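Colleague:
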Amino acid sequence: MLATLLDGLTFPEAPRWHDGRLWFSDFYTQRVVAVDPAGRAETMLEVPQRPSGLGWTPDGALLVVSMLDRRLLRVEQGTTRVLADLSAVATGPCNDMVVDGRGRAYVGNFGY
């Protein structure tokens, strides 16, 4: 049986399962959201330059791609900082990301 878990989203992308919840970026509302299997959603972070790819480091820090300013953000203990400014190498907005088991983040971009 299909059921709607959560509605009112604008452009959800980059889904990741982490700690018993589905995490994703809601592109146009500029937020990272986590939702549990009962449909309880929580905004985990706001990213004014549009969030995209998500991942976690081995030590548990959340990594978030900030698309329009082409930055990789690190979030831990409620504090967000720029981990990498990719604007010198990314020719277009950054998008999805994969984080490997050693914590290395691979970020893609729209390089038209």
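Counting in numbering that gives the first Met the number 0, the sequence shown runs without a single skipped number right up to 111 at its last residue.
Every residue, glycine too, gets a C-beta built ideally from N, C-alpha and C.
Predicted model, so just to flag it, every value in this text is computed and none were measured.
Could you check what DSSP says for residue 109 in three-state terms: helix, strand or coil?
Modeller: Taking the sequence shown and counting its residues from 1, one reaches residue 109 at position 110. Coil, per DSSP.
Colleague: Could you name the residues that DSSP lists as bridge partners for residue 104?
Modeller: In the sequence shown, the residue the question calls residue 104 occupies position 105. Answer is 98.
Colleague: Decide if residue 32 is buried, meaning its Cβ has at least 16 other Cβ atoms within 10 Å, or exposed.
Modeller: Within the sequence shown, the letter at position 33 stands for residue 32. When all chains shown are included, residue 32 counts as buried.
Colleague: For a test of the three-state rule: what should DSSP assign to residue 56, helix, strand or coil?
Modeller: Against the sequence shown, residue 56 aligns to sequence position 57. Correct three-state label for residue 56: coil.
Colleague: Might you give, ordered along the chain, the residues of its own chain that have their beta carbon closer than 8 Å to the beta carbon of residue 42, omitting 5 neighbours on each side?
Modeller: Looking up residue 42 in the sequence shown gives position 43. For residue 42, where only same-chain residues beyond five positions count, the Cβ hits under 8 Å are 30, 31 and 32.
Colleague: With DSSP as the reference, identify every bridge partner of residue 23, one or two as the case may be.
Modeller: Working through the sequence shown from its first residue, we reach residue 23 at position 24. In the DSSP output, where bridge partners are listed per residue, residue 23 has 32.
Colleague: Looking at the secondary structure, which residues open and close the beta strand (DSSP E) in which residue 73 lies?
Modeller: As a working note, residue 73 is residue 74 in the sequence shown. Note, residue 73: beta strand (DSSP E), 70-75.
Colleague: For residue 39, which of helix, strand or coil comes out of DSSP?
Modeller: Residue mapping note: residue 39 aligns to position 40 of the sequence shown, counting from 1. In this structure, residue 39 counts as coil in the three-state DSSP scheme.
Colleague: Residue 8 to residue 35, Cα distance in whole Å?
Modeller: Numbered from 1 along the sequence shown, position 9 holds the residue referred to as residue 8. Numbered from 1 along the sequence shown, position 36 holds the residue referred to as residue 35. Approximately 15 Å, taken between the alpha carbons.
Colleague: For the beta strand (DSSP E) that contains residue 2, what are its first and last residues?
Modeller: Counting from 1 along the sequence shown, the entry for residue 2 is found at position 3. Residue 2 -> no beta strand (DSSP E), and no H or E assigned at all.
Colleague: Assign residue 83 to one of three DSSP states: helix, strand, or coil.
Modeller: The residue you call residue 83 lines up with position 84 of the sequence shown. Looking at residue 83 - three-state DSSP - the assignment turns out to be strand.
Colleague: Tell me where the beta strand (DSSP E) around residue 14 begins and ends.
Modeller: Within the sequence shown, residue 14 is the residue found at index 15, counting from 1. Looking at the DSSP string, the run of the beta strand (DSSP E) that includes residue 14 is 11-17.
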